[in-house]
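Residue numbers (the UniProt record's numbering): 1 to 499.
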């Protein structure tokens with residue numbers, strides 16, 4: 001009704017007045033629209049149609065199987081360029097340009113690590129992933145000691161998480177520490193995406209060895225490998241048995257490892273050392289207990305020390321049976337033989353969430369997956385492994401979240417229990433709070449998240465880059481008559497000692 005009245009009055013005026021009114025109304029309307037648009041854009045609750053929002057990645061998943069299904073269903077572009085005719089000259093030109101064009105180069109913080117990902121034949125990559133997926137449901141696929149093969153593959157699936165992130169479309173990636181390059185001369189590092197653990201466990205022995213030899217020939221035939229003898233190449237060999245038959249031919253490459261066993265049981269002298277290789281965490285077997293979970297379980301942590309797993313192991317893991325004898329009669333201590341499958345996982349997860357401390361003794365190698373299960377469960381690890389090397393220790397300080405106990409102290413009658421009972425309550429709360437913060441560093445995900453294990457892996461490798469280039473150039477210019485060069489064979493074995 002009001003609108004109709006306004007319309008009648010407007011037509012009752014003279015023509016000049018009507019025109020002026022229309023102009024005034026138009027200007028006022030435009031001003032109102034501009035004001036509305038301005039406040040709409042400033043409003044924090046209103047969505048903005050920016051490129052960042054439109055390209056936002058889907059929520060991260062930490063499930064290996066869920067991520068793998070999605071990965072195999074998606075198309076993957078194949079657009080990496082072949083090596084130029086003179087790769088060495090092309091690399092020199094790139095480095096010269098960077099040296100004079102970037103005042104911060106070659107400092108590791110000058111920019112993201114540039115990785116060239118080899119496009120290996122499918123038999124080494126996609127076929128291995130499909131083999132795992134298609135045979136996952138087999139329940140009779142066990143190792144000689146009864147461990148489920150596919151669970152072991154999941155624990156050591158770092159090769160999948162790193163590769164899946166590297167080759168994902170850039171619009172879906174979150175990491176800023178590493179970027180994939182398509183031209184070999186632009187690369188700092190070359191990644192070899194061969195699934196060594198899957199092939200070891202799911203192929204017959206001779207078939208696996210033959211595939212290892214094929215992969216070795218394919219990689220060592222590459223011009224970039226021949227230029228550096230593999231020093232700037234990354235090879236995932238995260239299970240201590242994987243790639244074992246051909247390791248001696250690739251020992252100058254950067255290995256991604258779960259451990260550095262100094263006893264010689266798993267790695268030969270001169271094959272692995274901290275200056276060259278990177279330790280990566282196992283994939284946890286239990287669900288992540290986040291800050292809310294840790295808060296809710298705080299009052300329920302009535303167990304002082306918990307361990308559930310295999311009580312009899314080889315090599316350095318023999319300490320487990322000795323610890324059982326020492327601790328079996330102590331009050332508030334739970335030491336159990338582990339079991340496979342969903343029930344075993346549930347029992348381990350429940351026990352860790354009810355405990356203040358979780359025992360982490362050496363396994364067949366100095367490392368153990370129980371360490372990372374404890375961390376993501378909010379249970380303070382008690383590490384009894386004298387030769388252990390830890391993931392990302394150049395970045396993380398494990399004293400904030402774990403207790404380190406020597407084997408000799410742990411085996412003294414009553415010593416360990418007294419030590420734990422004397423722990424200050426304030427210090428325990430601090431360590432529990434730190435575990436919540438640290439857990440993000442041990443959760444692989446798709447897409448890979450900043451400060452997750454994938455991110456820290458590339459940061460660790462970036463820190464080695466100058467030393468890698470040094471050894472590449474020295475090997476290229478040294479003449480045959482020169483004195484022998486100290487190589488990895490000159491180094492002492494990895495041991496953790498007080499100096």
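A virtual CB, placed ideally from N, CA and C, is assigned to each residue, including glycine.
Taking 7 Å as the threshold (beta carbon to beta carbon), is residue i in contact with chain D?
i: residue 156; result: No chain D appears in the structure shown, which is made up of a single protein chain.
Less than 7 Å between the C-beta atoms of residue i and residue j, yes or no?
i: residue 321; j: residue 328; result: no
i: residue 459; j: residue 174; result: no
i: residue 196; j: residue 243; result: yes
i: residue 280; j: residue 391; result: yes
i: residue 116; j: residue 226; result: no
i: residue 425; j: residue 416; result: no
i: residue 500; j: residue 253; result: Here the chain covers residues 1 to 499 and nothing more, so residue 500 does not appear.
i: residue 66; j: residue 182; result: no
i: residue 357; j: residue 420; result: yes
i: residue 158; j: residue 236; result: yes
i: residue 289; j: residue 344; result: no
i: residue 192; j: residue 118; result: yes
i: residue 367; j: residue 258; result: yes
i: residue 453; j: residue 438; result: no
i: residue 152; j: residue 202; result: no
i: residue 269; j: residue 373; result: no
Taking the alpha-carbon of residue i as reference, which of the options has the nearest alpha-carbon?
i: residue 387; options: 319, 339, 89; result: 319
i: residue 188; options: 195, 180, 194; result: 180
i: residue 310; options: 331, 292, 280, 348; result: 348
i: residue 76; options: 166, 286, 365, 257; result: 166
i: residue 149; options: 463, 136, 259, 354; result: 136
i: residue 64; options: 154, 365, 405; result: 154
i: residue 384; options: 365, 339, 377; result: 365
i: residue 407; options: 418, 362, 214; result: 362
i: residue 334; options: 340, 359, 342; result: 359
i: residue 354; options: 338, 332, 369; result: 332
i: residue 418; options: 83, 220, 326, 338; result: 326
What do you get for residue i, buried or exposed, if any count of 16 or more other CB atoms within 10 angstroms of its CB means buried?
i: residue 48; result: Because the pLDDT at residue 48 is just 34, under 50, the model does not fix this residue reliably, and the point stays unresolved.
i: residue 92; result: exposed
i: residue 479; result: exposed
i: residue 240; result: buried
i: residue 461; result: buried
i: residue 351; result: buried
i: residue 228; result: buried
i: residue 341; result: exposed
i: residue 45; result: Here the model assigns residue 45 a pLDDT of 36, short of 50, so the residue's position is not dependable and the matter cannot be decided.
i: residue 221; result: exposed
Would DSSP call residue i helix, strand or coil?
i: residue 308; result: strand
i: residue 297; result: helix
i: residue 125; result: coil
i: residue 21; result: Unreliable positioning characterises residue 21 in this predicted model, as indicated by a pLDDT of 46, which lies under 50. The coordinate reading is nonetheless provided below. In the structure shown, residue 21 sits in a helix (DSSP, three-state: H, G or I).
i: residue 289; result: coil
i: residue 200; result: helix
i: residue 453; result: helix
i: residue 407; result: helix
i: residue 219; result: helix
i: residue 471; result: helix
i: residue 441; result: helix
i: residue 398; result: helix
i: residue 191; result: strand
i: residue 266; result: coil
i: residue 158; result: helix
i: residue 324; result: helix
i: residue 336; result: strand
i: residue 151; result: helix
i: residue 255; result: strand
i: residue 132; result: helix
i: residue 208; result: helix
i: residue 213; result: helix
i: residue 114; result: strand
i: residue 247; result: helix
i: residue 479; result: coil
i: residue 233; result: strand
i: residue 355; result: strand
i: residue 67; result: helix
i: residue 91; result: helix
i: residue 180; result: strand
Assuming residue i and residue j form a contact by the criterion Cβ under 8 Å, report the distance between their Cβ atoms to the nearest whole angstrom.
i: residue 428; j: residue 380; result: 7 Å
i: residue 199; j: residue 120; result: The Cβ separation is near 12 Å, so there is no contact.
i: residue 446; j: residue 164; result: 6 Å
i: residue 375; j: residue 435; result: 6 Å
i: residue 215; j: residue 194; result: 5 Å
i: residue 125; j: residue 444; result: Contact doesn't hold; Cβ gap of about 18 Å is too wide.
i: residue 250; j: residue 230; result: 6 Å
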